[in-house]
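In our numbering, the protein residues as written are 15 to 217.
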């Protein structure tokens, strides 16, 4: 069974927990979702939607319990269609945050070497010229290498990576960076392309 939320609408400036969305089951719009401080509610679109929602509820009830931590103690939480909708919305928010993070990286890396812990924070080392210009000449390449050697490597912590996808790998390796100290493309750290659905073989 494939359960998705689509056309998600919310205002993060007002409330990051309230949202509205379409509930799509097996490719068919089954109903509408409204979630706010009163809880998560879904309403069938029609008789077919009602039948699909009932099927989805039974499917979710059979899913393995989730391990959660409450007041520092591990517990098992039974799954339901409502909890699955909550998980799908959380995944949607996470994807938006990842996209926002890498948009910030994309802007910064035009004129700087960008370092950070992927999806959490960035810091920059500004270069004398735009990165794209430096990579096109031997002198520019040497300047990039020396900057990485002198200003990046000495301060690079274990949880950080060089985030520029506009610096050729050959330059990064020549500067002494290891494979796990840089990323080739920012999309490597984005969530998979389908974060708003729960798909499983079976029912």
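The beta carbon of each residue, even a glycine, is placed where N, CA and C say it ideally should be. Source: prediction; values computed, not measured.
Here residue 82 has 89 and 91 as same chain residues with Cβ atoms under 7 Å from its own Cβ, once five neighbours each way along the sequence are excluded. In this chain, residue 161 is not harboured by any beta strand (DSSP E); it is covered by the alpha helix (DSSP H) spanning 152 to 161. Between the alpha carbons of residue 52 and residue 37 lies a gap of roughly 19 Å. Looking at the DSSP output, residue 136 shares a beta bridge with 130. In this chain, the alpha helix (DSSP H) harbouring residue 108 covers 95 to 122.
For residue 63, the uninterrupted alpha helix (DSSP H) segment begins and ends at 61 to 75. For the pair of segments examined, the stretch 113 to 126 was found not to touch the stretch 23 to 34: the number of CB pairs separated by less than 8 Å stays below three. Beyond the five residues adjoining it in sequence on each side, residue 174 comes within less than 7 Å, by CB distance, of 129, 130 and 131 in the same chain, given in chain order. Under DSSP, residue 88 forms a beta bridge with 83. One alpha carbon belongs to residue 21, the other to residue 98, and they sit about 17 Å apart.
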